[in-house]
Ligand code: GDP
Ligand code: MN
């Protein structure tokens with residue numbers, strides 16, 4: 012669960028990490044009002060869950076409240092990297108002396124939390140990682156010990172000496188945030204040097220989807236990274252965009268993953284992962300097909316359903332409902348509960364299924380490559 016910057020910032024602030032004064036605005040009037048309250052030049056930041064907003068024009072400076080209102084009018088409703096800007100974070104524009112990078116995440120291979128720090132933070136941190144990896148420090152933590160002082164000293168060996176106490180304090184709070192919020196990532200980039208102090212100018216938090224319930228989660232919501240993925244979720248399905256050209260629809264995460272593997276093995280590349288979930292009825296199948304059609308990148312579709320609590324006849328009905336306007340060829344494999352009935356429903360609509368997953372994958376790949384009609 013990825014949080015928008017303004018939500019992540021609220022969490023950091025609550026945990027005692029310094030952030031510049033400001034608030035979130037949903038209208039130009041609100042932006043003006045916040046700028047008035049701040050009483051200084053402000054920065055308006057588009058609240059879309061993608062990195063690189065700075066370079067894409069999603070971060071603008073306003074010298075006064077009127078200019079903040081005008082900029083907000085331009086930014087709200089515009090698109091940034093394909094996502095609509097509906098909220099702006101309006102914060103005091105601080106004088107930045109240096110930009111640092113600080114994050115904590117989980118290294119799954121090492122089964123340990125890891126702190127990452129660089130005195131060369133900011134929008135080019137990926138470039139620093141490539142060109143000058145020595146400028147980035149990584150320190151692994153024992154989950155039983157937490158951020159012991161000697162580890163923080165090692166983490167901040169690259170930092171200017173005057174900043175080390177403040178950095179250690181923030182790192183400790185970052186660790187508390189990480190554990191209390193059951194996060195997979197808490198990232199501050201840039202953590203800006205302002206005088207002798209530090210202030211978090213950005214906040215990226217990813218919380219575990221399966222975190223335990225708690226008061227502190229109240230009001231936090233997942234940011235919409237992909238409108239189609241969000242729509243699928245609402246309909247009880249799980250849809251993930253991939254970068255190939257063969258759409259896949261199946262039931263159960265395991266079967267869908269296996270189907271993706273088969274597509275790759277047959278020489279193709281999947282365009283998506285779509286799990287319609289257990290016990291899907293015809294309308295959900297239809298909705299799933301609609302989402303694939305709207306995505307519009309695939310050249311062929313492979314439907315692979317194993318009927319257990321999901322009934323094949325329901326799936327077939329959903330397919331028949333959607334198939335007339337469906338823009339690409341379909342390969343269908345339905346086995347299990349009510350399989351015979353499903354075959355009849357498909358046949359009446361002039362559709363024929365394949366017998367095995369391997370055949371299905373091979374046929375879908377051939378169709379996508381234009382080798383079959
Ligand atoms: P991102 O590009 O999506 O990661 O957005 P950030 O919030 O990290 O902002 C990008 C860049 O904008 C930062 O690295 C800063 O250089 C700059 N920036 C953001 N807020 C301020 C601010 O209050 N003052 C100044 N001077 N620069 C800022
Ligand atoms: Mn950033």
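In the working numbering, the protein residues as written are 12 to 384. Even glycine gets a Cβ: it sits at the ideal position worked out from N, Cα and C. Remember, predicted model here, so these are calculated numbers, not experimental data.
When the Cα atoms are used, residue 106 and residue 120 turn out to be separated by approximately 39 Å. Just so you know, the alpha carbons of residue 68 and residue 60 end up roughly 14 Å apart. In the DSSP assignment, residue 334 forms no beta bridge with any residue. Between the segment 303-321 and the segment 280-294, the count of C-beta pairs closer than 8 Å reaches three or more; the two stretches touch. Contact between the segment 370-382 and the segment 253-268 is present: 3 or more CB-CB pairs across the two stretches fall below 8 Å.
Looking at the DSSP output, residue 341 bridges to 312.
Here residue 222 carries a coil assignment [DSSP, helix/strand/coil]. About 7 Å separates the CB atoms of residue 125 and residue 152; that is less than 8 Å, so the two are in contact. Between residue 177 and residue 208, the C-beta gap is smaller than 8 Å, which places the two residues in contact. If the five residues before and after residue 19 are omitted, its C-beta is found closer than 7 Å to the C-beta atoms of 214, 215 and 216, all from its own chain and listed in chain order. By the C-beta density criterion, residue 143 is exposed, having fewer than 16 other C-beta atoms within 10 angstroms. DSSP links residue 347 through a beta bridge to 318. Beta-bridge analysis with DSSP links residue 71 to 55. Setting aside the 5 residues that flank it on each side, residue 300 is surrounded in the same chain by 333, each with a C-beta closer than 6 Å to its C-beta; the list follows chain order. Put simply, the backbone Cα of residue 96 is about 24 Å away from that of residue 196. With the rule of 3 Cβ pairs closer than 8 Å, the segment 130-137 counts as touching the segment 98-114. One Cα belongs to residue 175, the other to residue 294, and the distance between them is close to 58 Å.
Every residue whose beta carbon comes nearer than 5 Å to a heavy atom of the ligand MN appears here in chain order: 200 and 213.
In the structure shown, the three-state DSSP call for residue 16 is helix.
Annotated as proximal: residue 192 and residue 218, with beta-carbon spacing under 8 Å. Rounded to whole angstroms, the Cβ separation of residue 369 and residue 271 is 14 Å, and the two are not in contact under 8 Å.
In the structure shown, the three-state DSSP call for residue 179 is helix. The beta-bridge partner set that DSSP reports for residue 116 consists of 125 and 196. Rounded to whole angstroms, the gap between the alpha carbons of residue 203 and residue 34 is 19 Å.
For residue 110, the Cβ falls inside the 7 Å cut-off from some heavy atom of the ligand GDP. At a Cβ-Cβ threshold of 8 Å, residue 16 and residue 56 count as neighbours.
Remark: C-beta atoms of residue 169 and residue 150 do not approach each other more closely than 8 Å. A contact between stretches requires three or more CB pairs, one per stretch, nearer than 8 Å, and the segment 156-164 fails this requirement with the segment 73-81. With a threshold of 7 Å, the Cβ atom of residue 144 does not count as near the ligand GDP, since no heavy atom of the ligand is closer than that. Taking the C-beta atoms as reference points, residue 94 is found no nearer than 8 Å to residue 36. Beyond the five residues adjoining it in sequence on each side, residue 42 comes within less than 7 Å, by CB distance, of 36, 55, 79, 80, 83, 99 and 101 in the same chain, given in chain order.
Assignment of beta-bridge partners to residue 202 by DSSP yields 111 and 211. For residue 80, there is no enclosing beta strand (DSSP E); the enclosing alpha helix (DSSP H) covers residues 76-86.
Residues of the same chain with a CB within less than 8 Å of the CB of residue 118, apart from the 5 flanking positions on each side, are 124, 125 and 151 in chain order. The continuous stretches of alpha helix (DSSP H) do not include residue 152, and DSSP gives it neither H nor E.
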